[in-house]
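Structure first, commentary second.
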Amino acid sequence: MRLTELPAWPGLEGLFWLLLTLALYRGLSILRTRLKEKAWAQPLIWGAIILAGLLVGLDIELARYQLGGDWLIYILALSTVSIGVPIYDNRHAIRAAAVPFLTAMCLGSTLAAGSAVVMAGLLDFEAALRATLATKSITSPMAYGVAEEIGGLPVLAMGIVIVTGNFGVLVAPKIFQVFGLTDPRAQGLALGVVTHGIGTAEAVRRSALIGSFAGLAMGVNGVLTSLVLPFVFL
Amino acid sequence: MQILLGLACLCLSLLAGEALKDILQVAIPAPVLAVVILVAALGVYGRVPEGLRLVGEFLLRHMALFFIPVLVGMLALYDVLREILAPLSLIIFVSTVVPLFVTAWIFQKLAPKLEASEHEAD
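In the order they appear, the protein sequences are chains S and V.
Position one of the first sequence corresponds to residue 0 (numbering that gives the first Met the number 0), numbered consecutively onward.
Position one of the second sequence corresponds to residue 0 (numbering that gives the first Met the number 0), numbered consecutively onward.
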C-alpha cells in the first residue's frame, strides 16, 4: 500500500479484479442476508479467501490483483476519518457514562494489547512482531499507520486486526450470554474496543444503541491508543 | 453537490491531520489526528453537514469492502505467517476472548443501570 503516491492506472486487468471484488462483496452480502445474518457468513473473510484462492490457484501475482485492489485501500483512510461523525453524534451518551466508559475502555484496551505483547514475548516472537501485535486493539486503517510508526509490519497489523475482529464477532454473543452481560452499552463498548470496525458494523446491525457505543469505543480507543503507543515503543 | 461537500470535509480533515503531524513532529498517524480535528470542527460548527453524514455513513457501513484487498495482500506475508501461525492463533484467541469479557463486565458493574425506556425494541 502506497498512500503517498499516485495510484497506478489499473488497466484491463486491474479493473477486472476491482469489479470482481465489488461483485463478490455484493453477492456475499446478499448471501449473508439469506443465511439470516449468521456471524460466520462475513463477506469480508469469504471474499478475501475466494480471491486469494483464485490468485494462488491460477498462479497470478499479487501485484496484478493490487492494480485494482489498491483503489479500495485508498478509500480506507477516508472511512477512518468518518469515525469522527458517530463520535460527535454520541457525545452526550458518552458524557453521561464517561467514567465507566473510559475506565472499562482503557482496561480492556490495555488488556487486549498487553496480553498479546506479553504472550508474544513468552513465545519468543521478534521485536517487529511484538510491535505489530501491540496495535491489535486499534481499528485497522489506524493500525496500519501506528505499526509503521512504531516499527511493526503494517500489512500484518491490519490483517491481525481484521482476523481479531471476525473472531471476536463470532464468540462475543456466547460470552455475553454465558456471563449475563445484557447491558447493550457494555456489549457495544466491548465490541468496539476489541473487535473494531468489523464488530462495530455487526453491532449496528443489532441495534442503534449498541452500534453507537461500539463506534464511539472504536474511535476513542483507536485515537487514544495511537496517541499512547508511539511513546511506549519509541 | 452535498456528497462532494462531504468528501471535501473528510479530505480537509485528512489534510489538516497531515499538516498537524508535520508541525508537531509526532509519530501519530495522520488519519488519527484527522479524527480529532473533525470532531473538534463539528463541535465548533454545531451540527453534522448533510453531505458529510451521507458520505460518512456510507463509508462506515461498507468498511468491510475496503478491507478485502488488505486481507488478500496478506498473501505476500505467507512465508512469515506459516512459521508463526499456531502461536499467533493462540495469542489472538486469548487476547480477544478475555478483553471482550472484561471490558463489558467492568462497564456493566460501574455504569448506572439503563432506564427501561432507553432500551430499544429490536
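We treat Cβ as the ideally placed atom computed from N, Cα and C, and that holds for glycine.
Quick caveat: nothing in here was measured; it's all calculated off a predicted structure.
ask   = According to a CB-to-CB cut-off of less than 9 Å, which residues of the segment 55-75 of chain V neighbour chain S?
value = If the cut-off is 9 Å between Cβ atoms, the segment 55-75 of chain V has G55, E56, F57, L58, L59, R60, H61, M62, A63, L64, F65, F66, I67, P68, V69, L70, V71, G72, M73, L74 and A75 near chain S.
request  = Jot down the residue ranges of each uninterrupted alpha helix (DSSP H) in the segment 61-141 of chain S, minimum 4 residues, whole runs only, in chain order.
outcome  = Correct list: 61-81, 83-88, 90-95, 97-121 and 126-133.
ask   = Who are the Cβ neighbours of S:Q41 in its own chain at under 6 Å, not counting the five residues just before and after it?
value = Along the first sequence, read from residue 1 onward, the residue named residue 41 of chain S stands at position 42. Result list for S:Q41: N165, in chain order.
ask   = What residues in the segment 124-158 of chain S have a beta carbon less than 8 Å from any beta carbon of chain V?
value = Taking 8 Å as the Cβ-Cβ cut-off, the segment 124-158 of chain S approaches chain V at F124, L128, L132, K135, S136, S139, P140, M141, Y143, G144, V145, E147, E148, I149, L152, V154, L155, M157 and G158, given in chain order.
key: Member of S:R90, S:I161 and S:T181 whose CA lies at the smallest distance from the CA of S:G214   = As a first step, residue 214 of chain S must be located in the first sequence, where it is residue number 215. For the residues S:R90, S:I161 and S:T181, the minimum Cα distance to S:G214 belongs to S:R90.
S:G191, buried or exposed, once every other Cβ within 10 Å from all chains shown has been counted against 16 = Along the first sequence, read from residue 1 onward, the residue named residue 191 of chain S stands at position 192. It is buried - the Cβ of S:G191 has at least 16 other Cβ atoms within 10 Å.
Closer than 9 Å at the beta carbon, the chain S residues around V:I22 = For the purposes of this step, residue 22 of chain V is taken as residue 23 along the second sequence, with counting starting at 1. Neighbours of V:I22 across chain S, judged by C-beta separation under 9 Å, do not exist; the nearest C-beta is about 16 Å away.
message = Is V:G42 close to chain S? Criterion is C-beta to C-beta, closer than 8 Å.
response = Residue mapping note: residue 42 of chain V aligns to position 43 of the second sequence, counting from 1. So, interface residue.
task = Just the chain S side, please: which residues come within less than 7 Å of V:R52 by C-beta, in chain order?
result = As a working mapping, residue 52 of chain V is identified with position 53 in the second sequence. Within 7 Å Cβ-Cβ: V84.
request  = Would you tell me roughly how many angstroms separate the C-alpha atoms of V:P98 and S:V145, rounded to the nearest one?
outcome  = On the second sequence, position 99 is the one that residue 98 of chain V refers to. On the first sequence, position 146 is the one that residue 145 of chain S refers to. When rounded, the distance between both Cα atoms is 21 Å.
inquiry  = Taking the alpha-carbon of V:S94 as reference, which of S:A95, S:A97, S:V231 and S:L106 has the nearest alpha-carbon?
reply    = Counting from one through the second sequence, the residue named residue 94 of chain V turns up at place 95. The option with the nearest alpha carbon to V:S94 is S:L106.
request  = Using only alpha-carbon positions, find the residue among V:A29, V:L76 and V:V47 that is nearest to S:V84.
outcome  = Here the question's residue 84 of chain S lines up with position 85 in the first sequence. The residue among V:A29, V:L76 and V:V47 with its C-alpha nearest the C-alpha of S:V84 is V:V47.
ask   = If you draw a straight line from the C-alpha of S:T199 to the C-alpha of S:A38, how long is it?
value = In the first sequence, residue 199 of chain S corresponds to position 200, counting from 1. In the first sequence, residue 38 of chain S corresponds to position 39, counting from 1. Here the alpha carbon of S:T199 sits roughly 13 Å from the alpha carbon of S:A38.
Where S:T20 falls: helix, strand or coil (DSSP) = Indexing the first sequence from 1 puts residue 20 of chain S at position 21. In this structure, S:T20 counts as helix in the three-state DSSP scheme.
query = Which residues bound the alpha helix (DSSP H) around S:L34?
reply = Against the first sequence, residue 34 of chain S aligns to sequence position 35. Where S:L34 is concerned, there is no enclosing alpha helix (DSSP H), given that its DSSP letter is neither H nor E.
query = On the three-state DSSP scale, how would you describe S:I171?
reply = If you number the first sequence from 1, residue 171 of chain S lands on position 172. Correcting the residue type first, residue 171 of chain S is Ala in the shown sequence and not Ile. Residue state, collapsed to three classes: helix.
Residues that S:Q186 contacts on chain V, provided the C-beta gap is smaller than 7 Å = For this step, residue 186 of chain S is matched to residue 187 along the first sequence. Correct list: A103.
task = Please check if any C-beta of chain S sits within less than 8 Å of the C-beta of V:L37.
result = By 1-based counting over the second sequence, the position of residue 37 of chain V is 38. Yes, V:L37 lies at the interface with chain S (some Cβ there is under 8 Å from its Cβ).
query = Do the segment 9-23 of chain S and the segment 41-54 of chain S make contact, defined as three or more Cβ pairs closer than 8 Å?
reply = Remark: three or more beta-carbon pairs, one from each stretch, lie closer than 8 Å, so the segment 9-23 of chain S and the segment 41-54 of chain S are flagged as touching.
task = Tell me whether the beta-carbon of S:Y24 lies closer than 8 Å to the beta-carbon of S:G46.
result = In the first sequence, the residue the question calls residue 24 of chain S occupies position 25. In the first sequence, the residue the question calls residue 46 of chain S occupies position 47. Cβ atoms of S:Y24 and S:G46: closer than 8 Å.
key: Of the listed residues S:L226, S:V222, S:E36 and S:H195, nearest to V:F66 (C-alpha basis)   = Taking the first residue of the second sequence as 1, we reach residue 66 of chain V at position 67. The option with the nearest alpha carbon to V:F66 is S:H195.
ask   = What is the DSSP secondary structure of V:R46, reduced to helix, strand or coil?
value = In the second sequence, residue 46 of chain V corresponds to position 47, counting from 1. Under the three-state reduction of DSSP, V:R46 is assigned to coil, being neither helix nor strand.
inquiry  = Please classify V:L58 as buried or exposed, where buried requires at least 16 neighbouring CB atoms within 10 angstroms.
reply    = Here residue 58 of chain V refers to the residue found at position 59 of the second sequence. Burial state of V:L58 is buried, judged by a 10 Å Cβ sphere holding 16 or more other Cβ atoms.
ask   = Do we get a CB-CB distance below 8 Å when we pair S:A96 with the residues of chain V?
value = Your numbering for residue 96 of chain S matches position 97 in the first sequence. Output row for S:A96: interface = yes.
task = Whole angstroms is fine: what's the gap from V:W104's alpha carbon to S:S139's?
result = On the second sequence, position 105 is the one that residue 104 of chain V refers to. On the first sequence, position 140 is the one that residue 139 of chain S refers to. Roughly 25 Å separates the two Cα atoms.
task = Report the residues of the segment 169-183 of chain S with a CB closer than 7 Å to any CB of chain V, ordered along the chain.
result = Those residues of the segment 169-183 of chain S that come within reach of chain V (Cβ to Cβ, closer than 7 Å) are V170, A171, I174, F175, F178, L180 and D182.
request  = Check the C-beta distance from V:F106 over to S:F100 and give it rounded, since I have them as a contact under 8 Å.
outcome  = Here residue 106 of chain V corresponds to residue number 107 of the second sequence, with the count starting at 1. Here residue 100 of chain S corresponds to residue number 101 of the first sequence, with the count starting at 1. About 7 Å separates the beta carbons of V:F106 and S:F100, which is inside the 8 Å limit, making them a contact pair.
ask   = From which residue to which residue does the alpha helix (DSSP H) around V:V96 run?
value = For the purposes of this step, residue 96 of chain V is taken as the residue at position 97 of the second sequence. According to the DSSP assignment, V:V96 belongs to the alpha helix (DSSP H) that extends over Y77 to L109.
message = Please classify V:S88 as buried or exposed, where buried requires at least 16 other C-beta atoms within 10 Å of its C-beta.
response = Position 89 of the second sequence, counting from 1, holds the residue named residue 88 of chain V. For V:S88, the number of other beta carbons within 10 angstroms of its own is below 16, and it is reported as exposed.
task = List the residues of chain A that V:A33 touches, going by C-beta distances under 7 Å, in chain order.
result = Included in the structure are the protein chains S and V, with no chain A among them.
task = Report the rounded CA-to-CA distance for V:L19 versus V:M62, giving the unit in angstroms.
result = If you number the second sequence from 1, residue 19 of chain V lands on position 20. If you number the second sequence from 1, residue 62 of chain V lands on position 63. V:L19 and V:M62: Cα-Cα distance of roughly 26 Å.
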